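Take a look at the structure set out below.
Numbering (the working numbering), first residue to last: 162 to 489.
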């Protein structure tokens, strides 16, 4: 199954959007340390560098932030989740620009070992922005728990603020274990997705292990509720729950085997992929779920940091002109 998914994704990788190629290449590099995956990350670096050049270098233009925030909100979609997200953003529409645009691009460039264009301008804007209000807002947590965890760790990563304690406290207030029975399927999934991302973000997205003690509150929840998780969660979340134990250095935990078995059962042998909940085998929408399944089924002894693209022979001669390697 692992090999089937791998062959399918790698055969079609060049057909997938840069973001998806990057997502796959970065994760495979961190699992294997094989520099053949670095070029997929390089494609991503070009795209995010160009994006940061536009967003960060125009920060002092009148109305720019307001206009871009409006645009980011307008592309959220029309479904029930998108509507709830738009509603949650109403009190602070610019929050989406600072987090889902500026933090997203700058943290990715930083992950590869660089600062991007107009870096100082970007850092100054993020330090000045009020991120805490949006990060700790109940309606925001109920609609994008996992994304908010990412923003918290990205802010810490690039040095613009440490909101972790505030966010953790707010998250637990919104989703105390004592109220699990009252959560509908959507809300329970949102809670789980937030929990897995505390662990994923702390590992800098599979670059190193995490301390099992620090995240015992999450791992215990997964262990105690695994039957409900296997019944009510999506395949993506179930894979993430298993990977959470692997990142905590607990490969022999019974939850790992249960989640592995679930993913094996979800595999479509004809399409050589784990399809979407509605049975769609499309690789663009399915890459996330399937690369998680690969990681869960073939976890390495050692994780690999990077890829630091200015240090790898495969990529160092081909870098975008607008990035500067970080000083070691």
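Just so it is clear, CB atoms sit at the ideal spot from N, CA and C, and this is done for glycine as well. Because the structure is a prediction, the values reported are computed rather than measured.
Next on the checklist: By the DSSP assignment, the alpha helix (DSSP H) with residue 226 in it spans what residues?
Outcome noted: Where residue 226 is concerned, the enclosing alpha helix (DSSP H) stretches over 225-235.
Checklist entry - Looking at the structure shown, is residue 195 part of a helix, part of a strand, or coil, going by DSSP? => result Assignment of residue 195 by DSSP, reduced to helix, strand and coil, places it in the coil class.
Checklist entry - From residue 228 to residue 204, what distance separates their C-alpha atoms? => result Answer to the nearest angstrom: the Cα atoms are 28 Å apart.
Next on the checklist: Please identify the residue among 471, 486, 485 whose C-alpha is closest to the C-alpha of residue 479.
Outcome noted: When each option's Cα is compared against that of residue 479, the closest is 471.
Checklist entry - Using a Cβ-Cβ cut-off of 8 Å (strictly less than) and excluding sequence neighbours within five positions of residue 409, which residues of its own chain qualify? => result Contacts found: 360, 370, 371, 372, 373, 376, 380.
Next on the checklist: Check this for me: beta carbons of residue 539 and residue 173, under 8 Å apart or not?
Outcome noted: Past the boundaries of the shown model lies residue 539; the chain is included only from 162 to 489, so the question cannot be answered.
Item to check | Extent of the continuous alpha helix (DSSP H) to which residue 449 belongs | outcome: For residue 449, the uninterrupted alpha helix (DSSP H) run begins and ends at 444-458, by DSSP.
Checklist entry - So which of 396, 365, 349, 310 has the shortest CA-CA distance to residue 464? => result Closest in alpha carbon position to residue 464, among 396, 365, 349, 310, is 365.
Next on the checklist: Run through the DSSP bridge pairs and tell me what residue 275 is partnered with.
Outcome noted: DSSP lists 486 as the bridge partner or partners of residue 275.
Checklist entry - In the structure shown, what three-state DSSP assignment does residue 434 receive? => result Strand.
Checklist entry - How far does the alpha helix (DSSP H) with residue 362 in it reach, from first residue to last? => result From DSSP, the alpha helix (DSSP H) with residue 362 extends over 346-363.
Item to check | Residues bridged to residue 429 [DSSP beta-bridge criterion] | outcome: Answer by DSSP bridge pairing, in chain order: 434.
Checklist entry - Just to confirm, are residue 257 and residue 230 a CB contact at a threshold of 8 Å? => result A Cβ-Cβ contact shorter than 8 Å links residue 257 with residue 230.
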